[in-house]
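One line per chain: the protein sequences are H and Y, in this order. Sequential numbering of the first sequence, starting at 1, is according to UniProt numbering. Sequential numbering of the second sequence, starting at 1, is according to UniProt numbering. C-beta atoms are modelled at their ideal positions from N, C-alpha and C, and glycine is treated no differently. Please read all numbers here as calculations on a predicted model, not as lab measurements.
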Amino acid sequence: MQAELIDIRNHMAQYPPFDEMPDDLLERVVESIEVEYFRAGTQILELGDQNTWLYYVRSGAVELFRRSGELYNRVSEGEIFGQFGLLMNRKVRFPAKALEDTLIYRVSGEVFKYLFENDDNFADFVEIEDRSRLRSALSRREKSNDLMTSRVTRLISRATVAAPSTVRLQEAARIMTDHGVSALLLMDEEGDKPLLHGIVTDRDLRTRAVTEALPSETPICDIMSEDLITIKSTAFIFEAMLTMLHNNVHHLPVMEKDEVRGVIALSDIVKYESQSSLYLVSNIYHQQDVKGLKKISRDVRDSFVRMVNEDANSHMIGSAMAGIGRSFTQRLLELGEEKLGPPPIPYCFMALGSMARDEQLVVTDQDNAMILDDSFVPEEHDAYFLALAKFVSDGLAECGYKYCTGDIMATNPKWRQPLKVWKDYFIDWIDNPKAEALLNSNIFFDLDGIHGKTRFAEQLKALVAERASNSQRFLTLLARNALNRTPPLGFFRTFVLEEDGQHRKTFNLKRRGTAPLSDLIRIHALACGSRAQNSFDRLSAIAKTKLIMDEDLNNLRDALEFISIVRIRHQALAIEEGREPDNNVRPQDLSPFERSHLKDAFQIVSNSQKFLRFRYNAGGGRNA
Amino acid sequence: MPDVDWQQRFRKLAQDATHPLLKAYYEAGCVSPDTPVSEVPLVALDFETTGLDPEQHSIVSVGLVPFNLTGIQLGRARHWVVRPKLPLHQTSITIHGITHSDIDNAPDLSEILEEVFGMLNGRIAVVHYRDIERGFLDVALKWRLGEGIRFPVLDTMAIEAHLHPDRRPNFWQQWMGKKPLSIRLADSRKRYGLPHYAAHNALMDAAATAELLQAQIRHHFSPDTPIGDLWL
């Protein structure tokens, strides 16, 4: 090999199976390479073609398909494909197509054969389909879910219906009726192309126009929603679903660059996938009382099990469950406001913990709080907010969201305070941190406004993002607390099981797995000044700062996904068997595949905790 | 782009050339201008030099990679450091990472010409910014063989320039903060999603140029585009 090709050699040396290959073999690989560029959307391998090369993705992404046309796997930078064809009959087994603009290094079949016969590590890697690589295990699980592989553009069924923002209420309603649409885009000519100004939906017409008996001559811009939430035309349907669930909107304009391609409605997704959890969400908003909500809350677990059986990933399930929880909370707040009358001063209802992180599952407490406007006068206003908090909290309990044992609920006067008091709380936690107090306030560092003046919650997020990264002592203490919960891994990679109590001979996937992970991800995110709440989003935010190496971030992402999905499947199985779902798993209930990958994942948690201790100088942890 | 029939020209040049290396090069011939680019054997060529002026500066290294539209053959790639006629300037050391001791042990260009032509014969050269490779090779051969060289090139930089005629913002756009679009090798590659290469030596740059040409053709031309539309 010409030494000047070192860049190529070094790239391959980062990825298995080349990472453990002796230098002379790797140089032989590089010498056999032919490089080819494929534009996004072009076919790389056709079914039945001769397959005489091993394909290494240098940049870009490639999709592999089954004979049936079903997506089999997605491979990206540093991954290989074509090995099965080479091993079998030198015929292409999985046709491959460039998903993005892709640069491929093709390794010759002769060298492949030589490696296969002379390098055991290489042979093991390419031979076994279910090989021990978390990532491929995960990517396979993502495949069969249609919502995850179809683009939103598939749901656009009609030309966009739009009107200038100067039209009157009555005219807008007429246009919507004539076209049979539930949303109208308001667009104005600005320069040479139309600019999207707002949207009005039939729900807006009902709640804002009809209930307030606005005159039919009211300009539509008085009731339209501005600051639109939109989605890119390249997004997958599940992303649209998550966006709707998260923001509680039922219509999304689909944007291609700056232009509107169309609008998709919640009902379009429900029609496309009638089993989707969005159906449940739309049903929640149709309920007129707590009794009705309680009745449909029984469907939550079915919805959960269905998503698990459809191979949704943990991000999707966590967001969907959080979205459902949010919707129950929002509907209860609406019903509460109807019963008690409009709030005397503005307020924001805030979700905390897993709901704020979009990582909720079926076994969950309610953790919430209220931020009140600074004009709050307890004697005048608090009776109202206490009654509202109690209405919501009791309603949530009826719907299966247990009261928080730590009393972190808006019914607790301490967590029902004006914005300035909340700011003082956070400043105190961050500037004068005390380990004990932080253990209890940890949950407030995952927060999200879900009703009312959500801007209040944004102000708190901004405050945290700004201050936390500057308080070394705060980060150190958070890290020290986070190190108290370790993964259940002993010497020689055996599982460490609980020795006594009700959960003897099990280990807890939340306490020993996902919780320590989300704790450590939160700390890095706070150190980076990120405002993200979801653990996966936080990892992406951390990636931008280079605080952690990309490889380690990918490992963290995979570990979180894997532990979460095992936990999710464990709970779904319990529900299907009529048992109460929990987080305690017996090793013998896991498949050998899951056991082996869980150990890999726990090892990643353990390594990441070591880095956390070192990074934030948190040597005082229990396992120091 | 100027319409030159290099096939015709090579016949004439073969008759006129006296040095056997050059005669053999022209006699290996040139494809006809209507040959689809997908059928043309190509070779990416890159020189590192001590400066920009062929009359004043020298070649310090040569990278060559044979390729075509569907494969860049790394196993046949070659790289040489050669001893410049003129002293190595301090700044070019920092750019190329080639040091005085590398140079002291290096051959003169004349010693590697046979191997270089072995790879050029029958192939169309692909470069990024033709003035360097064409100019420097011509002058270097005049010095060493007593006669210069004429040859067609595909210039990936010229292609980028052609694709982005308005890359320099006008006064008004500049005032609005618009930046000129760069057609340098690394920046051009970014537009096609090609990876960043950390190393800058004549060989990696030649390979990077070959990849860029593949990408340009896949995005803006077609495998059937006649070579005569592309060469200069």
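- Using a CB distance below 9 Å, the part of the stretch 31-54 of chain H facing chain Y consists of GLU31, SER32, ILE33, GLU34, VAL35, GLU36, TYR37, PHE38, ARG39, ALA40, THR42, ordered along the chain.
- Within the stretch 183-198 of chain Y, contact with chain H at the beta-carbon level (separation under 8 Å) is assigned to TYR192, GLY193, LEU194, PRO195, TYR197, ALA198.
- The beta carbon of LEU439/H is closer than 7 Å to those of ASN481 in its chain, skipping five residues each way along the sequence.
- Membership of ARG74/H in any alpha helix (DSSP H) is not indicated; the residue belongs instead to the beta strand (DSSP E) covering 71-76.
- Scanning its chain for C-beta atoms nearer than 8 Å, with the 5 sequence neighbours on each side dropped, one finds around ILE427/H the residues LEU463, ARG467, in chain order.
- The Cβ-Cβ distance between ARG189/Y and ALA208/Y falls below 8 Å.
- Near chain Y, meaning a CB-to-CB distance below 9 Å, the residues of the stretch 89-116 of chain H are GLU100, ASP101, THR102, LEU103, TYR105, ARG106, SER108.
- Uninterrupted alpha helix (DSSP H) stretches at least 4 residues long and entirely within the stretch 520-574 of chain H occur at 535-545, given in chain order.
- Annotation: the UniProt domain "Cyclic nucleotide-binding" (17-116) of chain H contains the following complete segments of the alpha helix (DSSP H) (minimum length 4 residues), in chain order: 23-31, 83-87.
- The beta-carbon of THR156/Y is placed no less than 8 Å from the nearest beta-carbon of chain H.
- Excluding the 5 residues flanking it on each side, ARG123/Y has same chain C-beta neighbours closer than 7 Å at PRO41, LEU42, VAL43, PRO66, in chain order.
- TYR616/H is the residue among LEU195/H, TYR616/H, GLN288/H, HIS179/H whose C-alpha sits nearest the C-alpha of ASN470/H.
- In summary, ARG538/H is buried, with 16 or more beta-carbon neighbours lying within 10 Å of its beta-carbon over all protein chains present.
- By the CB criterion at 8 Å, THR234/H and LEU252/H fall outside the cutoff.
- Put simply, the CB of GLU114/Y is far from chain H, with every gap to its CB atoms at 8 Å or more.
- Note that the C-beta distance between TYR56/H and ILE80/H is below 8 Å.
- Interface criterion met: the Cβ of ASP7/H is under 8 Å from a Cβ in chain Y.
- Comparing alpha-carbon positions, the option among LEU109/Y, VAL4/Y, THR35/Y, PRO36/Y lying closest to ILE59/Y turns out to be LEU109/Y.
- Between TYR192/Y and ALA210/Y the beta-carbon gap is near 13 Å, outside 8 Å, which marks them as no contact.
- Apart from sequence neighbours up to five positions away, the residues of its chain that approach HIS164/Y with a beta-carbon distance below 6 Å are LEU181, ordered along the chain.
- Per DSSP, reduced to three states, the secondary structure at SER150/H is coil, with no helix or strand assignment.
- Taking C-beta separations shorter than 7 Å and ignoring five residues to either side along the sequence, the partners of ALA515/H in its chain run ARG485, following chain order.
- As DSSP reads the structure, MET350/H sits in a beta bridge with ALA369/H, GLY449/H.
- Between LEU547/H and the set ARG504/H, ARG579/H, SER518/H, LEU612/H, the nearest pair of CA atoms involves LEU612/H.
- PHE349/H sits away from LEU335/H, with the two beta carbons spaced by 8 Å or more.
- Counting only the Cα atoms, ILE575/H lies some 8 Å from VAL305/H.
- The residues GLY262, in chain order, have a CB closer than 8 Å to that of ALA159/H in the same chain once the five nearest residues on each side in sequence are set aside.
- Annotation for PRO378/H: no beta strand (DSSP E) segment contains it, though the alpha helix (DSSP H) segment containing it runs 378-398.
- Boundaries for GLY619/H: no alpha helix (DSSP H) harbours it, and the DSSP string shows neither H nor E there.
- For THR49/Y, no Cβ of chain H is located within less than 8 Å of the residue's own Cβ.
- Of the candidates PHE151/Y, LEU145/Y, PRO195/Y, GLU111/Y, the residue whose Cα lies closest to the Cα of LEU120/Y is PHE151/Y.
- Contacts between MET204/Y and chain H, judged by CB atoms closer than 9 Å, involve GLU4, LEU5, ILE6, ASP7, ILE8 in chain order.
- Straight-line spacing of the CA atoms in LEU560/H and GLY513/H works out to 8 Å.
- Among the residues facing chain Y, GLY501/H is not included, as its CB has no counterpart in that chain under 8 Å away.
- TRP429/H sits in a helix when the DSSP states are folded into three classes.
- Contact of HIS220/Y with chain H is not assigned, every C-beta pair being separated by 8 Å or more.
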